[in-house]
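Colleague:
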Amino acid sequence: QILMSDTGGGHRASANALRDAFDVLHPGKIECDIVDIYTEYGPFFPYTAYVPIYKIMAKYSFLWDAFYHFGETPFGLALNEWCL
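In the working numbering, the protein residues as written are 28 to 111.
Put into structure tokens, the structure is as follows:
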């Protein structure tokens, strides 16, 4: 499996390129599934909502800035530790 995140930046395109390269280099020998790690394996919110949240934050950059700076706060760091 190739694990990626469907959150922009070419993650799916890169995963597809790797899969295609495996097929060119080793035809028929490598079975490769591409999986969005958050959508498929996210145990709970917010992981299960990363893709739609990313799309909203990409559209409204002030949200991206707010979440980025929130992550630097003591509460944001503690919340991140708890979620992991």
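Where a beta carbon is used, it is the ideal one built from N, C-alpha and C, also for glycine. None of these values were measured; they are calculated from a predicted model.
1) When you compare only the Cα positions, how much space is there between residue 100 and residue 94?
2) Taking just the CA atoms, how far does residue 46 sit from residue 58?
3) For the alpha helix (DSSP H) containing residue 47, name the first residue and the last one.
4) Starting from the C-beta of residue 42, find all residues in its chain whose C-beta is less than 6 Å away, skip the five residues before and the five after it, and write them out in chain order.
5) What are the start and end residues of each continuous alpha helix (DSSP H) run of 4 or more residues lying completely inside the stretch 68-94, in chain order?
6) Which residue's Cα is closest to the Cα of residue 35: 86, 103, 98, 108?
7) With residue 108 as the anchor, note down where its alpha helix (DSSP H) starts and where it stops.
8) Would you mind reading off the limits of the beta strand (DSSP E) that contains residue 29?
Modeller: For this structure:
1) Locating residue 100 in the sequence shown gives position 73, counting from the first residue. Locating residue 94 in the sequence shown gives position 67, counting from the first residue. So the two alpha carbons sit approximately 10 Å from each other.
2) Counting from 1 along the sequence shown, the entry for residue 58 is found at position 31. Counting from 1 along the sequence shown, the entry for residue 46 is found at position 19. About 9 Å.
3) Along the sequence shown, one-based indexing puts residue 47 at 20. Where residue 47 is concerned, the enclosing alpha helix (DSSP H) stretches over 38-52.
4) Against the sequence shown, residue 42 aligns to sequence position 15. Cβ neighbours of residue 42 beyond the five flanking positions: 29, 31, 61.
5) Every alpha helix (DSSP H) of 4 residues or more that sits fully in the stretch 68-94 is shown, in chain order, as 77-86.
6) Position 8 of the sequence shown, counted from the start, is the residue given in the question as residue 35. Nearest C-alpha to residue 35: 86.
7) Here residue 108 corresponds to residue number 81 of the sequence shown, with the count starting at 1. First-last of the alpha helix (DSSP H) with residue 108: 101-110.
8) Within the sequence shown, numbered from 1, the residue matching residue 29 stands at position 2. 29-31 is the extent of the beta strand (DSSP E) around residue 29.
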